[in-house]
Every structure is written in C-alpha cells, then in structure tokens.
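Notes follow the structure.
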C-alpha cells in the first residue's frame with residue numbers, strides 16, 4: 001500500500017503557481033483573524049492601499065479643482081453634504097477628493113523610504129552580526145551616534161539645508177530608520193550565526209554572500225517583517241509631521257499634514273477641513289500598528305519600539 005500511495009502522489013500534477021501563493025496567503029490571514037484587532041488593522045491598511053492605487057478614479061474631483069456652482073461662483077467653506085461628503089475648504093477644494101488623492105502621497109513616499117531603510121538595514125545588520133569583532137564595533141558605534149539625535153530634529157536640520165522635496169523626505173527617513181533596522185537585524189543574526197546549518201555552510205566552502213542570503217536571511221526574515229511594519233508606521237507619522245511644519249510635499253499637492261496645518265486657522269469656521277485629514281492620518285497609523293502587532297504575534301518576535 002505504501003508503494004502504491006507513493007506512485008499515485010508522484011504522478012499527481014504539480015499545483016498551479018497561483019495556488020502555491022494563495023495557500024500560504026490564506027494561512028497568513030487565518031492566523032491574523034485569530035486576533036480581531038490584527039485583522040482590522042490589515043483591512044484598514046488594505047483599504048488605504050486601494051485608495052492610493054485607485055484614488056484618481058475614485059475621487060469625484062481633482063485635488064486642485066476649484067468647485068463652482070451654476071453661477072460660476074466658488075463653492076468655498078461648504079458644509080459636508082451629499083455632493084461634498086467632507087465639505088469644501090476656503091479655496092473651494094473638495095476635501096473628500098483631496099483626502100483620497102492624499103492617500104497616494106502619504107503611502108508612496110514613506111513606503112519607498114521604508115523599503116530602502118529595511119533593505120539597507122538588513123544587509124548591514126546581517127553583515128556586522130555575521131563578522132562581529134572590530135567591524136561590528138565600529139559600524140555599531142557609528143549608527144548609535146545617529147540614534148542619539150532626536151528624529152524630528154535631525155529631519156528639520158536636513159530638510160532645512162536641502163530644502164523640502166520628495167527626495168529630501170526619502171533621504172531623511174532612510175537616514176533615521178536604517179540604524180534602527182540594522183540594530184534589530186544584527187541582534188537576530190547574532191542568535192543564528194553559530195547554529196549548525198550556518199557552520200555546515202562554512203565547511204562546504206560557501207561564499208559569505210551565500211551564507212548571508214541563503215542561510216541567515218530566512219531566519220531573520222520574521223524580525224525584518226515586523227520591523228518593516230513598525231518603521232512604515234513611524235515613517236507615515238513623520239511625513240505627516242513634516243507636511244504640517246511646511247517641510248513636506250509642497251502645494252498644491254494634497255499632503256494630509258499640510259491640510260491639517262492649513263485648516264488649523266480655519267477651525268472655528270470650517271472644522272471639517274481639520275477633522276477628516278486628521279482622522280485619515282490617525283486611522284492609517286493605527287491600522288499599520290495593529291498589523292505590526294499581528295505580525296509580531298504570528299512570528300512571536302519582540303522587535304524594537306524606537
């Protein structure tokens with residue numbers, strides 16, 4: 001019977017490529033669903049990703065389109081209604097459309113910066129953790145010196161020198177968060193570099209690059225996934241903060257932080273122009289943090305909270 005079963009299984013057609021990807025994804029969401037808050041966070045992040053991808057199609061107006069009535073008069077400071085769910089601001093812009101368009105700005109820049117930070121941090125962290133010794137000491141002390149500077153202060157200094165721009169924001173986030181990711185991955189690497197399968201790869205004469213990316217990287221990937229979600233959350237908040245201070249994406253781009261700053265002086269007359277971008281920032285940050293907490297539970301990893 002054993003031989004027959006083996007023959008049947010060996011003749012079974014391989015599963016389609018999409019099935020091989022969907023099964024682990026289904027298991028992942030099933031694990032997230034065991035914690036309702038983590039599932040809520042995942043759904044929130046998914047919703048904002050959809051808004052970022054299809055915002056121009058969903059939004060009823062362009063982000064810089066001035067709303068006018070049948071008399072060609074500007075419809076400014078209009079209260080929320082069926083025509084304008086989030087109302088209009090003092091310039092006649094539809095707040096609902098600007099919030100939807102702004103999802104792309106608030107996700108794209110932090111997303112790119114976080115991806116670069118995570119990639120650099122993973123490479124540096126695995127390298128210094130694997131080699132140890134003076135290499136570890138020198139690089140770790142240099143990165144610790146960056147961590148000693150408050151994030152917002154360093155961001156203000158850099159953008160004050162270079163000027164506000166998309167590239168400037170990405171560079172600030174990369175400089176701030178690469179040392180944090182490096183420290184976490186270095187710690188994870190120290191825990192696996194002396195294990196048997198790594199030693200076996202050394203005895204086989206494998207190259208350092210092979211050992212780092214084929215033997216060590218899969219072991220530190222859970223820590224990296226959790227840290228990436230946390231850094232993304234902080235990057236979103238930092239980007240919105242810089243926009244609020246006027247150092248983020250410049251007008252007329254619908255940056256949520258700048259929308260909050262502009263609405264602050266109009267709060268007594270048009271409070272809705274402040275409520276909705278603030279609510280969008282808070283909801284997205286909370287959603288990403290809930291997702292990060294779900295990843296931490298799945299991987300049973302305690303990452304950094306810096």
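Numbering (my numbering), first residue to last: 1 to 306.
Every residue, glycine too, gets a C-beta built ideally from N, C-alpha and C.
(request) Using beta-carbon positions only, say whether residue 28 and residue 284 come within less than 8 Å of one another. (result) no
(message) Is the separation between the beta-carbon of residue 67 and that of residue 92 shorter than 8 Å?
(response) Yes, these two residues count as a Cβ contact at 8 Å.
(request) Look up residue 63 in the DSSP assignment and say whether it is helix, strand or coil. (result) coil
(request) Measure from the C-beta of residue 270 to each C-beta in chain C and report whether the shortest distance is under 8 Å. (result) Absent from the structure: chain C. Only one protein chain is present.
(request) Name, in chain order, the residues that DSSP records as bridge partners for residue 94. (result) Paired residue(s): 88.
(message) I believe residue 76 touches residue 62 by the beta-carbon criterion, under 8 Å. Please report the beta-carbon distance rounded to the nearest angstrom.
(response) 16 Å between Cβ atoms; not a contact.
(message) Output needed for residue 7: all residues of its chain with C-beta closer than 7 Å, excluding positions within five of it in sequence on either side, in chain order.
(response) For residue 7, the pLDDT reaches just 46, beneath the cut-off of 50, and the residue's location in the model is therefore unreliable, leaving the point undetermined.
(message) When you compare the CB positions of residue 129 and residue 178, do they come within less than 8 Å of one another, or not?
(response) no
(request) Would you mind reading off the limits of the alpha helix (DSSP H) that contains residue 182? (result) 166-190
(request) Within the same chain, show all residues whose beta-carbon is closer than 7 Å to that of residue 144, passing over the 5 residues directly before and after it, in chain order. (result) Its chain contains no residue whose beta carbon lies nearer than 7 Å to that of residue 144 once the 5 sequence neighbours on both sides are disregarded.
(request) Round the Cβ separation of residue 109 and residue 166 to the nearest angstrom and send it over; I've been treating them as touching at under 8 Å. (result) 6 Å
(message) In whole angstroms, give me the CA-to-CA distance for residue 162 and residue 169.
(response) 10 Å
(message) Between which two residues does the alpha helix (DSSP H) holding residue 135 run?
(response) 133-147
(request) Taking 8 Å as the cut-off, decide whether the C-beta atoms of residue 185 and residue 132 are in contact. (result) no
(message) Counting beta carbon pairs with one atom in the stretch 38-47 and one in the stretch 277-295, are three or more of them shorter than 8 Å?
(response) yes
(request) Tell me residue 68's beta-bridge partners as DSSP assigns them. (result) Answer is 74, bridged to residue 68.
(request) May I ask you to report which of helix, strand or coil DSSP gives residue 219? (result) helix
(request) Over the uninterrupted alpha helix (DSSP H) stretch that includes residue 270, give me the two end residues. (result) Careful: residue 270 lies outside any alpha helix (DSSP H) and carries neither H nor E.
(request) Find out if the Cβ-Cβ distance for the pair residue 263, residue 270 is shorter than 8 Å. (result) yes
(request) Name the two residues that bound the continuous alpha helix (DSSP H) containing residue 258. (result) 256-264
(message) Can you give me the C-alpha to C-alpha distance between residue 292 and residue 252, rounded to a whole angstrom?
(response) 32 Å
(request) Whole angstroms is fine: what's the gap from residue 123's alpha carbon to residue 213's? (result) 9 Å
(message) Mapping the DSSP letters down to three states, classify residue 245 as helix, strand or coil.
(response) coil
(request) Taking 8 Å as the cut-off, decide whether the C-beta atoms of residue 272 and residue 95 are in contact. (result) yes
(message) Going by DSSP in three states, residue 206 sits in which element: helix, strand or coil?
(response) In this structure, residue 206 counts as coil in the three-state DSSP scheme.
(message) Between 239, 98, 202, 193, which has its C-alpha nearest residue 164's C-alpha?
(response) 239
(message) Under DSSP, the alpha helix (DSSP H) around residue 252 begins and ends at which residues?
(response) No alpha helix (DSSP H) holds residue 252; DSSP gives it neither H nor E.
(message) Quick check: what's the CA-CA separation for residue 180 versus residue 69?
(response) Each residue's alpha carbon lies about 52 Å from the other.
(request) Tell me, to the nearest whole angstrom, how far the beta carbon of residue 176 is from that of residue 151; I am working on the premise that it is less than 8 Å. (result) 5 Å
(request) Rounded to whole angstroms, what's the CA-CA distance from residue 299 to residue 115? Just pull it up for me. (result) 20 Å
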